Amino acid sequence: MAKNLKLFDQNACDTYLLNEDLWEKVDERTSGSVNLCFQCGECTAVCPWGIVKEGALKVRSILRGAQLGIEDWEKDIWLCTNCDQCQLYCPRGVQIGDVFQALRSISWEKREVESGLPGMLWSIYWNDNPWSQPPSERFAWAGNSNVPVYDPSKHEFLLYIGCTSSFDNRLQRVAQALVRVLTAAGVRFGCLGAAEPCCGEPVKSVGHAPYFYETARSTIRVFKDAGVEKVITLSPHCYDVFKNHYNKVLEEEQFEVVHYSQILADLLEGGKVEFSSEWIARALENHYSWVTPEEILVTFQDPCYLGRKNNEYRAPRTLLSGIPGIKFLEMENHMQDGLCCGGGGGRMWLETPPGERFSDIRVMQALETGASILATACPFCLVCLEDSMRALGKENMFVLDVAELLDVAIAKPG
Amino acid sequence: MISVVCVKVVPKSEEIRVDPDTMMLIREGVRSEINPPDMNALEMALSAKDRYGGQVYIISMGPPAFVPFLQAGVAMGADHIYLLSDFTLAGADTLATTYTLSKGIRKLGDVDLVFCGEESSDGATGQVPSGLSEWLNFAGLTLTTETALDIESGLARGRREIGGGYQILEVPLPCVVSVKTACNEPRFMDYERKEWAFDRERVTIWDAEQIDADPDLTGVKGSPTVVSGLSQAPVRNRKKQFLEGSPAEIADQIAEIILQNS
Amino acid sequence: MPLSLYNADNADQSIWVYLERDRDGLAGISLELLAKGRQLADQAGWILGGILLGSQNSELCRAAIAHGADEIWSAEHVLLADFTIDAYSRVMFEMILKGMPGVLLFGATPDGRDLAGCLAVRLRTGLNADCTGLRIRPGSGELVCDVSGFGGGVLALIEMGLNRPQMATVRPGVFSKFPPDWNRAGKLIEFPVLLKEADIQTRIIEKVSAEGVDLTQASLIIAGGRGIEGDFETLRELADILEGEVGGTRPPVDDGYIERERQIGQTGVVCSPKIAICCGISGAFHFIVGVEKAEVVIAINSDPGAPIFEHADYCVVGDVRTILPLLKESLQSQLVEEI
C-alpha cells in the first residue's frame, strides 16, 4: 500500500507560470464571464474548426489558460471566426467570444498580432475602410443610377452600405440590387455616399478595443450630424456592431438599426411588397442564368452575425419562401447550427489555407440539397462561398444574395 | 542612439486635380496621409529603438497642418517632432528639400541614423535619401529592407534589394538609410501612449532662420528645376474592347497588339 | 539659386548616358537611353557619350559605340568591379567636371537612382526623375522633361535654368532600343582612376545576384490565375519569346505553381509594365491594384462576366488552353517576319 501512495510525480508535469495581470485583465474585459467556465469541453466539440482540422482550435484549453493566466495561446486565438456556435452550446452561458476578444486585445498591447492586421487598422485610419481603397471612390458603386443621398427631411432611413460592399466588384451588384428593391418596396431611404464612415466592426472583430471605441464615436458623430435616426444595413456585421456594441461606446440615445432582410420581411408580411407573376418569364428573356422555368431550388446560408448572434432566422426565410416559383430547402446544418463561412472574427483579413476553409464544406452541403442557388444575406458569406465554389470547380450552382433574388422577382412600379 | 525619421505628409494621389485655368494643383478638400514608404521608415527606426534603445525624432518640412499626421508617428513610438515650417521653404525641389532637411538634422546635434522612405507618392523622385547623404556627408544604405547595428563599432548593415537579388552592405555610422516601400508592417498606434503623443508639447517648430538656412538654397529660390507646365493626366479608362473571331484569328490580333505596343 | 559647378555658358554640347551592365552585357535600359540619346544628339547636333565604370570594360565599350555612342568615358579599376556609391560617385564626379556634359541621363534603376541623387547634390544641379519624355530646346540647349506625379494622375513639364549638367532618370521600357551597328566608329577615353580602399566606406558583405525576379522592372508581364490550372510552362515560353516576365495571382502561388516573388497584387507586387497579359484571372480588386498601372492590359478569361474585363483594354472571352498555344505560334511567325 505504501508503495502506491506515490500518486503525483512532480517531474512528470508541465509547469506553467501564472500571470496575474493577464487573468485580471481577462476577468475585467469579460465582466467576469470567463470565470463561469467549468471546462466541460462542449465548446471544442462543436467548434467548426474541428471539422476542417482536428485539434486546430482547443477552445476549452484557451478558456482554461485565460482563467489561470497562462500565456499559451500563440496564434490560435486568431483562428476564431466569432461564429458563436460554442456560445450556443455552453451550458454556463460563458461569453466565449468576449474571452477571445479580451485575449486579442491583450495581444495588441504586446504587439503580437497576426501579420496584415496592423495594416488593416491603418487602412481604416487613413482611408475610412479596411480594404485600402480610395475613400473618394466609396460611392462609385452607385454609378449613374440615381441613388438618393440621405436627407432627413425626405428619408426615414439611412441605407448603410458598408465598406466591403462599396468597393468589391461582386458585392457592388448586391448594393445596386438592394437599392432597387427598397425603392420598389416604397421605403424612403438615402445613402451617405462617399462620406459614409466605417462602422468599425473589423476593428472590434480583431480585438482592438480602444480603436474600436474611437471609430465608433466618430461614426456616431457623423450620423448625428447628418440627422440619422434609423438605419438599414446591408451587412449583418454592421448590423450587429450598431445594434449590440455601439451603446457601450456612448451612453446616450442612438439610432435604431435593422438588417435589410428584417424590414423587407415585415413589408412582405404587411402586404406592402409584391412579387411579379411574370418575373420568371422576364428573367428568362433577359438571360438570367440562374433562372429556370421549372421550380427553382434555393437553399440558405444563415450568416452567423444575423442568425446565431441576433436570433434572426425568420426574415430571410420569409422572403425566400415568398417568391413564387422558388422552393426552399434547408442544408444539413441550418439555423442555430448553421456552419460558419469562415469570414467572421476578422478572418477576411487573414489567410486560410486551402483545405481548411469552412466555406468549402458549406458548398458541399449546399450541393447535397440539390439546390441550384445558394442564397445568403451577408457580403462575407457571399464572397467566401463563391470563392469556394470556384475553387471546387462547381459550375452548376449560383451563390446569390437574397437582395439579388428579390431584385429580379419584385414587382417594380412603372 | 539618436535616430531621425524624415516624414512627408502627402495628399492622396487619386484625389489630386489640376486646375485647367491656373495650371496649379487643387489641394483644397484633398485628404492627406503620411507618405506610405515613410511609415515603413518609421517602423524600421522604431524596431531599432526596440532593440538598441535611444530616441527617435520625426523631422518634416511643411506647414503646421502636418502636425496631427506626424503625431500618429509619435503614437507609434517616436519621441518628438521637429517641423521645419516657413513660407520661404515652400516650392522646393529635391535639391532645396534635401538641403533644408539637412540643416534641420544638423541642428539636432549628434545623430546616428537618418531613415527615409525610398520615395514619396507625390513626386516620387526617390532622390531625397542620397541627396541627404551628400549634404550631411553621411554614408548611405539604400533600398533597405532590414538593418542591423553594431553601435560599439559604429557600424550599420543593411540588406539592399535589387533586381531580384540582394546585397548585404556595411557602412560606418552615422548613415542615411532609405527604406524600401512595404518592406515591413508599420505597427499600429500604441493607445496607452496616444494621449501623450497628441499633446502639443511633442512638437517643436523651427523656421528658416532657426535652422540657419541660406535663403538662396531653400524653397523656389534654391530649386534649379522648374515646373513650366502642369496638366491632368488623361484618366485611364480602359478600352474594354472585346476581340472577335476564331481562336486563331484572336491569337493573331493579340500578337499584333503586343508587337504594336512594345 | 545654387550655382552649379559649371553652367550653361561653359557646358559641353554633349549628352552623356551612365551605362549599366547585366548578366548578358549592357543593361536594356542603357541601350534604350543610348537610342534616345542618339536621337537627341542628332537633333541638336551634339555628341553622345557613354560612361562606363568597372574592372573590365573593353567589350561593353564596343557595344556602347555600336549602339550609338560617339565616345565612351571608361574608368577601369579593380575597386570599381562592384558598384559602391562611394567609388562610383567619386570617379564620375571627376569625369563630369572634366567633360562637362550638358545633359546627363541615368536609368531609374537601383544603382542609377542612388548615383544620380548623390551626384546632383554634389554638382549643385537639378535632377528630374522618371521622365517619360525628353527634348532639347534648339539654341538654348535646355532639357525639357515630361514627368508624371501623384501616381500618374498629373503630368508636368520640367526644365532647368542655367545649372549644368541637366540630369534625368528614365525607367526601363519607356524608350525603345535600336539594333546595334557594329560598323560605327567611336572614341574611347580611358579615364585615369585614383582610388584607394580607404576611399570606399561601403563594404559589401554578401551579394546574391538576380536568381530571383523583380517584376517591378519588367516592361511586359504575362500573368496567370486559377484559370490556367497551373500551366505556367506555356506562360514561361511566351515570356521568353516576348522578353517579359511571368507573374501570378494568389491561388497559383498558394498551390505552389509559382514563387511568391511573382505574386501580383495588393499583398504581392505592384507592377507598371507597358503590357500586362492576364490569363485565366477573374480580376478581384486586390489583384487589379497590381496591374492597374500597366499601359495596356490584355485579358483572357472564359467567363464573360469576369470583373477583369472592366479593367482591360483588350478582352478575350475564351479558353486560355486554346488561345495561348495559338498566340505562341502567331508570335513566332510574326517575329520571324520582322527579322
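These protein sequence lines are chains U, Y and C, in that order.
Numbering-wise, the first sequence is residues 1 to 414 according to my numbering.
Numbering-wise, the second sequence is residues 1 to 262 according to my numbering.
Numbering-wise, the third sequence is residues 1 to 339 according to my numbering.
Glycine included, each C-beta is placed from N, C-alpha and C at the ideal position.
From a predicted model like this one, the values you see are computed outputs, not experimental measurements.
request  = Name the residue from Leu159/U, Thr183/U, Ile361/U, Ser132/U whose alpha carbon lies nearest to the alpha carbon of alanine 411/U.
outcome  = Thr183/U
task = Output the distance between the C-alpha atoms of arginine 27/Y and lysine 12/Y, rounded to the nearest integer angstrom.
result = 10 Å
request  = Return helix, strand or coil for threonine 225/Y, following the three-state DSSP convention.
outcome  = strand
request  = Tell me, to the nearest whole angstrom, how far the beta carbon of serine 31/U is from that of valine 94/U; I am working on the premise that it is less than 8 Å.
outcome  = Rounded, the Cβ-Cβ distance is 11 Å, inconsistent with contact.
request  = Evaluate contact between the stretch 159-168 of chain U and the stretch 126-144 of chain U, counting only Cβ atoms and requiring at least three cross-stretch pairs below 8 Å.
outcome  = yes
ask   = Are the stretch 186-197 of chain Y and the stretch 205-216 of chain U in contact at 8 Å, needing three or more beta carbon pairs?
value = yes
ask   = When Cβ atoms are compared, which residues of the stretch 196-230 of chain Y fall closer than 7 Å to chain C?
value = Asp216, Leu217, Lys221, Gly222, Pro224, Thr225, Val226, Val227, Ser228, Gly229, Leu230
key: Rounded Cβ spacing between arginine 347/U and serine 388/U (contact assumed at less than 8 Å)   = Not quite, the Cβ-Cβ distance comes to about 14 Å (not below 8 Å), so this is no contact.
request  = Enumerate in chain order the residues of its own chain whose CB-to-CB distance from threonine 299/U is below 8 Å, with the five nearest sequence positions on each side excluded.
outcome  = Phe328, Leu329, Glu330, Met331, Ala366, Thr369, Ala371, Ile373, Leu374, Ala375
message = Output needed in chain order: residues of the stretch 302-316 of chain C with a Cβ under 8 Å from some Cβ in chain U.
response = Pro307, Glu310
message = List, in chain order, every chain C residue whose beta-carbon is nearer than 7 Å to that of valine 171/Y.
response = Gln201, Thr202
ask   = Under three-state DSSP, which class holds leucine 234/U?
value = coil
key: Ordered list of beta strand (DSSP E) runs contained in the stretch 218-290 of chain C, each at least 3 residues   = 220-224, 245-248, 275-279
query = Where alanine 27/C and alanine 218/C are concerned, what is the direct C-alpha to C-alpha distance, given to the nearest angstrom?
reply = 13 Å
ask   = Any residues in the stretch 121-135 of chain Y with a beta carbon nearer than 9 Å to a beta carbon of chain C? Which ones, in chain order?
value = Ser121, Asp122, Gly123, Ala124, Thr125, Gly126, Gln127, Val128, Pro129, Ser130, Gly131, Leu132, Ser133, Glu134, Trp135
request  = Report the rounded CA-to-CA distance for arginine 262/C versus valine 320/C, giving the unit in angstroms.
outcome  = 20 Å
ask   = With a CB to CB cut of under 6 Å and the five nearest residues on each side skipped, what residues in its chain are close to leucine 17/U?
value = none
ask   = Buried or exposed: which applies to glycine 53/Y, given that a residue is buried once 16 or more other Cβ atoms fall within 10 Å of its Cβ?
value = exposed
request  = On the DSSP bridge assignment, give the partners of threonine 100/Y in chain order.
outcome  = The partner list for threonine 100/Y (beta bridge, DSSP) is empty, contrary to what the question assumes.
message = Extract the residue ranges of the alpha helix (DSSP H) inside the stretch 297-341 of chain U, only unbroken runs of 4 or more that lie entirely within it.
response = 314-322
ask   = At a CB-CB cut-off below 8 Å, which residues of chain U make contact with aspartate 70/C?
value = The contacting residues do not exist; aspartate 70/C stays about 48 Å from chain U at best.
ask   = Quick one, are the C-beta atoms of isoleucine 158/C and valine 170/C less than 7 Å apart?
value = no
task = Would you list, in chain order, the members of the stretch 129-154 of chain C that have their beta-carbon closer than 9 Å to a beta-carbon of chain Y?
result = Ala129, Asp130, Val144, Cys145, Val147, Ser148, Gly149, Phe150, Gly151, Gly152, Gly153, Val154
ask   = For the stretch 176-189 of chain Y, which residues have a CB atom closer than 7 Å to at least one CB atom of chain U, in sequence order?
value = Glu185, Pro186, Arg187, Phe188
task = Taking only the alpha-carbon atoms, compute the straight-line gap between valine 174/U and alanine 294/C and give it to the nearest angstrom.
result = 29 Å
message = Which same chain residues end up closer than 7 Å to isoleucine 51/U when comparing Cβ atoms and leaving out the 5 residues on each side of it in sequence?
response = Ile361
inquiry  = Between the alpha carbons of histidine 245/U and phenylalanine 255/U, how many angstroms are there, rounded?
reply    = 12 Å
ask   = Taking 7 Å as the CB-CB limit, is alanine 2/U close to chain Y?
value = Low confidence applies here, because alanine 2/U scores a pLDDT of 41, under 50, leaving its location unreliable and the question unanswered by this model.
query = Going by C-alpha distance, which of Gly68/C, Pro325/C, Glu310/C is nearest aspartate 181/C?
reply = Gly68/C
key: Cutoff 7 Å: threonine 88/Y Cβ touching any chain C Cβ   = no
query = For phenylalanine 139/U, which three-state DSSP category applies?
reply = coil
Uninterrupted beta strand (DSSP E) stretches inside the stretch 156-212 of chain U (no shorter than 3 residues) = 157-160
Phenylalanine 398/U, enclosing beta strand (DSSP E) - first and last residue = 398-401
ask   = Whose C-beta lies closer than 7 Å to the C-beta of cysteine 384/U among residues of the same chain, with five residues either side of it excluded?
value = Cys341, Gly342, Gly343, Ser359
key: Below-7 Å beta-carbon distance, glutamate 190/C vs any chain Y residue   = no
ask   = Between the stretch 220-240 of chain C and chain U, which residues of the former have CB atoms less than 8 Å from a CB of the latter, in chain order?
value = Arg226
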